[in-house]
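Here the sequence shown stands for residues 5 to 53, where the numbers follow the numbering used here. Backbone N, C-alpha and C fix where the C-beta goes; we use that ideal spot for every residue, glycine too. Being a predicted model, the structure only gives us computed values, none of them experimental.
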Amino acid sequence: MKNQSAVDARYRSDSNEMSRARAYLTVAGCATIVLTTTIASSLVEAIAS
């Protein structure tokens, strides 16, 4: 059973890293969307003026 608990601990840390990576990806995606929107709107303003 000792081996099983080691596997459980490894799986738990893996899923922890996965959720952390998913959080980083979500933040990066939101930042990319905000940056793209900002750049696009300033481009539209520059073209319109």
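- Close CB contacts of S53 within its chain, under the 6 Å cut and outside five residues either way in sequence, are absent.
- R26 and V38 have their C-alpha atoms some 18 Å from each other.
- The DSSP-derived three-state label of S53 is coil.
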